[in-house]
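Numbering-wise (numbering that gives the first Met the number 0), the sequence shown opens with residue 0 and increments by one.
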Amino acid sequence: MPPLVANYYLTYRCNARCHFCDIWALEPKQEASFETIQHNLRDLRRLGVRYVDFTGGEPLLRSDVDKVFAEAKRQGFLTSMTTNTILYPKRAKEMQGLVDFLNFSLDGGDAETHDQSRGVKIFDTLVESVEIAQSLGEFPVLNHTVTAQNFTRIGEVAELGEKLGARIWLNPAFTAHEHYNNKKNPTPELVKAIESSARQYRNVGYNKAALAFIEAGGNDTQNPRCKAVDAVIAISPNDELLLPCYHFAQAGLAIEGRLYDMYRESEVVESYRQSQGKLSVCEGCTVWCYLIPSFFKGLDKYWFLNQMTYAGEFLARKRFIQRSAKQRQQSAEQPDKQLTPV
Ligand SMILES: C[S@@+](CC[C@H](N)C(=O)[O-])C[C@H]1O[C@@H](n2cnc3c(N)ncnc32)[C@H](O)[C@@H]1O
Ligand code: SF4
Ligand code: SF4
């Protein structure tokens with residue numbers, strides 16, 4: 000079975016300072032040229048990958064990000080991008096129609112909470128970005144990272160989503176690097192808060208497999224569920240194949256135009272394939288960027304819950320978009336009527 004997804008880190012630069020993320024503190028290296036990315040995309044297609052998540056750092060900081068997405072679409076990929084929105088108002092037009100799954104990060108239901116979590120004053124830009132995206136026919140989902148600090152306030156985030164006409168995706172925080180497991184993220188209380196808010200608010204979704212996995216204590220190195228190397232190809236901004244995953248990369252192999260052969264034939268890749276989910280750093284791991292793609296491989300309860308989640312979310316988003324469109328049409332016909340939540 001081919002790998003499911005490429006996690007393509009376009010840059011490690013970031014213009015925010017989120018308290019639960021340390022990418023912004025990394026030393027940025029020379030970033031790959033557009034031609035290098037174009038070549039890697041071709042190899043990813045040959046390897047059978049159909050879905051690329053362009054991430055970072057802040058992907059919109061790359062000046063040719065629109066060109067990269069346009070190339071990925073030209074080559075037939077499904078694309079996704081998550082952004083902190085700081086640059087979205089400036090770049091929205093260039094990105095229009097190029098991102099199949101557009102996510103805006105939201106950490107709190109009001110300016111103070113969101114800005115404090117992000118370390119920069121960006122709440123107003125986020126709200127403006129949602130409005131711009133919707134006016135361009137995009138349907139951004141607000142990705143809410145639920146942490147030990149904010150899990151009691153999911154309702155406020157859901158209500159903001161309703162006001163903005165956007166769905167909320169609840170993303171339980173994982174901890175990484177030297178903070179790994181120290182902050183006890185995610186906790187059982189956080190799991191309960193996610194489940195009950197999704198019951199209460201119809202614009203809120205979450206991954207059922209992820210919550211079941213948290214309850215089971217995360218990845219078990221004796222019986223690993225993580226298939227990071229089989230399910231995901233992780234590429235760094237400076238053109239390295241990251242093994243076994245970005246968050247605990249033990250190796251970065253210089254790609255230099257050889258991604259196709261390297262992924263299929265390299266002994267190093269094979270040795271990480273053998274040890275995926277079994278390394279000491281893998282104990283208790285809940286890094287969703289690798290675990291959720293892993294759940295698509297191997298038939299078990301996580302596979303089943305994951306499939307259920309995406310089938311349900313697909314229908315929920317479709318209904319949500321239809322309701323939002325109808326409501327916008329009504330308010331255009333009766334401009335004096337106040338916009339009410341969907
Ligand atoms: C790494 S960021 C990259 C894109 C962009 N800089 C942003 O923040 O939207 C992608 C998503 O991962 C989330 N994230 C960052 N650190 C996380 C963590 N420790 N646990 C769970 N999600 C996290 C962010 O909130 C964001 O929604
Ligand atoms: S904006 Fe994104 S990459 Fe930057 S610090 Fe926050 S989560 Fe990390
Ligand atoms: S379990 Fe976590 S640390 Fe280990 S390979 Fe998978 S994603 Fe990486």
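Glycine included, every Cβ here is placed at the ideal spot set by N, Cα and C.
Please report the straight-line C-alpha distance between residue i and residue j, rounded to a whole angstrom.
i      : j      : result
Arg12  : Gly56  : 5 Å
Gln29  : Pro292 : 28 Å
Arg257 : Pro1   : 17 Å
Asp65  : Gln115 : 30 Å
Glu420 : Thr151 : Residue numbering for the chain in the displayed model covers 0 to 341; residue 420 lies beyond these limits and cannot be assessed.
His178 : Lys191 : Its pLDDT being 47, under 50, His178 is placed unreliably by the model, and the measurement read from it follows with that caveat. Approximately 23 Å, taken between the alpha carbons.
Tyr8   : Cys288 : 12 Å
Ser270 : Gln328 : 56 Å
Ala165 : Tyr259 : 39 Å
Phe68  : Pro236 : 15 Å
Arg354 : Thr146 : In the structure displayed, the chain extends from 0 to 341; residue 354 sits before or after that span and is not available.
Gly404 : Gln306 : The requested residue 404 does not occur in the structure, where the chain is confined to residues 0 to 341.
Tyr200 : Glu111 : 23 Å
Val286 : Tyr245 : 10 Å
Ser323 : Pro139 : 12 Å
Glu137 : Asn102 : 10 Å
Arg61  : Ala31  : 11 Å
Asp63  : Asn222 : 42 Å
Ala310 : Ile320 : 16 Å
Leu240 : Asn6   : 10 Å
Asn180 : Phe303 : Unreliable placement is indicated for Asn180, whose pLDDT of 46 sits below 50; no coordinate value is reported for it.
Gln273 : Phe212 : 22 Å
Gln326 : Gln333 : 10 Å
Arg41  : Val48  : 10 Å
Glu255 : Arg318 : 45 Å
Phe53  : Thr10  : 9 Å
Phe100 : Ser265 : 32 Å
Leu210 : Arg198 : 14 Å
Ser196 : Ser134 : 28 Å
Can you give the beta carbon distance from residue i to residue j, rounded, assuming they're within the 8 Å contact cut?
i      : j      : result
Asp238 : Ala253 : 7 Å
Ala132 : Ala91  : 6 Å
Phe76  : Val51  : 5 Å
Thr343 : Leu105 : One cannot answer for residue 343 here, as it falls past the ends of the chain, which runs 0 to 341.
Asp45  : Gln74  : The sequence as given places Arg at residue 45; Asp does not occur at that position. That pair is no contact at about 10 Å.
So, using beta-carbon positions, are residue i and residue j closer together than 9 Å?
i      : j      : result
Leu278 : Phe247 : yes
Tyr87  : Thr144 : no
Val203 : Ile167 : yes
Val98  : Ser128 : no
Glu194 : Tyr205 : yes
Val4   : Ile234 : no
Phe294 : Ala208 : yes
Val118 : Ala24  : Here the sequence assigns Gly to residue 118, which means Val is not the residue at that position. Not in contact: Gly118 and Ala24 (Cβ atoms no closer than 9 Å).
Arg224 : Gly283 : no
Gly96  : Glu155 : no
Asp229 : Lys296 : yes
Asn170 : Asn149 : no
Leu163 : Asp109 : no
Phe313 : Ala172 : no
Leu298 : Val268 : no
Thr84  : Ile36  : no
Thr186 : Cys281 : no
Name, in chain order, the residues that DSSP records as bridge partners for residue i.
i      : result
Val203 : Ile167
Ala310 : According to DSSP, which records beta bridges pairwise, Ala310 is partnered with nothing at all.
Met80  : Phe53, Leu101
Thr35  : Answer is none; Thr35 lacks a bridge partner.
Val48  : Note: Val48 sits in no beta bridge, so no partner.
Ala233 : Asn6
Asn149 : BP columns for Asn149 are empty, so no partner.
Glu239 : Ala253
Val140 : Asn102
For residue i, does the three-state DSSP call read helix, strand or coil?
i      : result
Val286 : coil
His18  : coil
Gln333 : coil
Ala5   : strand
Arg73  : helix
Ile254 : coil
Leu25  : coil
Glu266 : helix
Asn305 : helix
Phe295 : coil
Met0   : coil
Thr112 : helix
Gly154 : helix
Gln275 : coil
Gly160 : helix
Asp123 : helix
Ala172 : coil
Arg12  : coil
Ala197 : helix
Ser323 : helix
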